[in-house]
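Here's the structure, in structure tokens; my notes come after.
Chains as they are written, first to last, in the numbering used here: chain A, 2 to 331; chain B, 2 to 331.
So this is what it looks like as structure tokens:
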């Protein structure tokens, strides 16, 4: 009898498999080859849902309440959709301090207020001690897709497209890893942020094809998904990938590959080559995109695969991770 | 330091309090006095969210997968909204049998298929063993509110309105209680069902004011909420309340009050007196409403309170329950 394991929630290969199986009974026809984190229904409603089970619940740069809004808002933003409404389901453990819960709600409300998002409905379940580890939050975000263009998505990606990363990678998971392993890394903090204010700057520009926030599984996993789903090749330059000294050092110590570390305020964007420099400069003018970089391109070679030219001058195949380095990072 | 307790998730008094506190930071103005389980936004989108943590996960009459669709669909139906889309977030425990998970997805998909509901987006998290008790599901249902009338709600209730219960009360929680206490009650099963097919029969009729499915806290809690929120009185007749022999006996044995037992396919409806008999006959013609009964009315007397004329010929005040009889029933 096959059992679920942690890897099924990693965002990598096993997650793709279990999601495919879960979807089977729901579809009479085949499953769409283009699965995005956010659906566009009835032409004008963008919907996404995500569960947040992060441990510890507070961390440098954020907490579970803030994350539960940012994460879902970012899934909308990645399709170019403006976030309007949030529905929030709480599953809390008996004995959780009420003030702690309310402090997360304060953080969540702050993000909502900054982005003029309305919390419209919710649900609160309290479970007996030991059946939840403190607090799990599920948020469903509803928004408006761009009216004057097709929603962004993998189907728009073509050979020659340029790949832009909006900020330093791996900050979120590195922060959580440092906490879990008891390592003190001053000035390391999660990049947890709502990306819509950044996306809003570029969404009307020509040539924006596809965006994805690099959450579970990190930048590496997103690129693998894009290469596989589009049957195109992807080529990146290790030397161009923005990464902080803190994250680099931590990866050296723990043996992690920063390419697979989760981010919570970092996106990868596929842009037509003729507008890529302009998009980059608009991104760099915004606080959330100051460290944006062009890191590579989409090619017709090695279809379905991601290749990286390493700093050492070699070539490396980037594969989708199978297991999970660290559970409960989001 | 105040801590959450099981009662905060009961659907009763403590739940109202914690929800009020959770909502505070999200509202610049006051919290609406009319809180419904389903929000209507932008005039034409109905949204609801609910978490499902039931134990055991399978029970006579249903399972957590079926319940996760029915429960959220019912919250939409209670506002008169047709369910169109479901977003589903899974939080699963490492070690859960994959076949078990997939069997719940089959059940969920069956309800979706019967009602032409599309699963549009989802999320799967797998947590280390011991941090989830098997599986928790959160569903967000999105639908279309009635176009030719105001969405139903407590604000429409006026004195004189007649109260109709659509089927026998307490079947769901009684079923779960029997399982938990190891009592064998042949033919007792949960009423778990999607109510939209029933609501669809009456939603165009004049005089329908407000509907609510009697989930956590049961019929008694809904009536208390209505009386308090509208500042009107409610008067019910114990002898008119439909209840099966199985539920009656189980309540006698366990000392439960059936008024507070959760249902998952039973609604209470407030209807203008002049159309109440017609509505009742339409309900009775449908499989899900065969046992519908008029159980009482809304009054101008004893404002804010629910009174019940008992079978024994006495009068009883129905108060909102403070704690919870049984956790994890939905």
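For glycine and all other residues, C-beta sits at the position ideal for the given N, C-alpha and C.
Short of 6 Å from the beta carbon of residue 294 of chain B, and not among the five residues preceding or following it, lie these beta carbons of its own chain, in chain order: 166, 241 and 243.
Taking a cut-off of 8 Å on C-beta distances, the region 89 to 99 of chain A does not touch the region 203 to 218 of chain A, as fewer than three cross pairs fall below it. Not one beta carbon of chain B lies nearer than 9 Å to the beta carbon of residue 286 of chain A.
The alpha carbon of residue 265 of chain A has as its nearest neighbour, out of A/65, A/234, A/7 and A/14, the alpha carbon of A/65.
Neighbourhood of residue 106 of chain A in chain B, by CB distance below 7 Å: 23 and 26, in chain order. By the rule that beta-carbons nearer than 9 Å mark a contact, residue 129 of chain B touches chain A. For residue 39 of chain A, the residues of chain B that pass the 7 Å Cβ criterion are 122, in the order they occur in the chain. Chain-ordered listing is empty here: chain B has no CB closer than 7 Å to the CB of residue 83 of chain A, the nearest sitting near 12 Å. What residue 90 of chain B touches in chain A, judged by beta-carbon distance under 7 Å, is 50, 51, 52 and 139, going in chain order. Taking residue 288 of chain A as the centre and dropping the five residues before and after it, the same chain places no C-beta closer than 7 Å to its C-beta. Listed along chain A are 42 and 48, each with a C-beta nearer than 7 Å to that of residue 86 of chain B. Contact between the region 97 to 112 of chain B and the region 10 to 30 of chain A is present: three or more C-beta pairs spanning the two stretches fall below 8 Å.
For residue 113 of chain A, the residues of chain B that pass the 7 Å Cβ criterion are 27, in the order they occur in the chain. Annotated as distal: residue 221 of chain A and residue 251 of chain A, with beta-carbon spacing of 9 Å or more. Not flagged as an interface residue toward chain A: residue 253 of chain B, since no C-beta distance is shorter than 9 Å. Identification of residues in the region 8 to 20 of chain A having a C-beta nearer than 7 Å to some C-beta of chain B yields 9, 10, 16, 19 and 20, given in sequence order. Under the criterion of beta carbons closer than 8 Å, residue 80 of chain A and residue 46 of chain A do not qualify as touching, at roughly 11 Å. At least 9 Å separates the CB of residue 152 of chain A from every CB of chain B.
At a cut-off of 9 Å between beta-carbon atoms, residue 222 of chain A makes no contact with chain B. Secondary structure note for residue 214 of chain B: it is in no alpha helix (DSSP H), and the uninterrupted beta strand (DSSP E) holding it is 209 to 214.
In the three-state DSSP reduction, residue 99 of chain A falls in the helix class (H, G or I). With its beta carbon at least 9 Å from every one in chain A, residue 206 of chain B lies outside the interface.
Residue nearest to residue 75 of chain B within the set B/124, B/193 and B/102 is B/193 (criterion: CA-CA distance).
If the five residues before and after residue 83 of chain B are omitted, its C-beta is found closer than 7 Å to the C-beta atoms of 144, 145 and 197, all from its own chain and listed in chain order. Under the DSSP assignment, residue 225 of chain A falls in the alpha helix (DSSP H) whose first and last residues are 219 to 231. Closest in alpha carbon position to residue 98 of chain B, among A/298, A/4 and A/11, is A/4.
Bounds of the alpha helix (DSSP H) holding residue 172 of chain B are 172 to 181. Here residue 50 of chain B is near residue 139 of chain A, since their CB atoms are less than 9 Å apart.
In the DSSP assignment, residue 39 of chain B falls outside any beta strand (DSSP E) and carries neither an H nor an E.
CA-CA distance, residue 267 of chain A to residue 239 of chain A, rounds to 17 Å.
Straight-line measurement puts the Cα of residue 262 of chain B at about 8 Å from the Cα of residue 173 of chain B. Three or more pairs of CB atoms, one per stretch, sit closer than 8 Å, so the region 175 to 189 of chain B contacts the region 52 to 62 of chain B. By the C-beta criterion, the region 12 to 21 of chain A is judged to be in contact with the region 315 to 325 of chain A, since at least 3 inter-stretch pairs fall below 8 Å. Straight across, the Cα-Cα distance linking residue 296 of chain A with residue 154 of chain A is about 19 Å. At least one C-beta of chain A is nearer than 9 Å to the C-beta of residue 134 of chain B.
With fewer than 16 other beta carbons inside 10 angstroms of its own, residue 311 of chain B counts as exposed.
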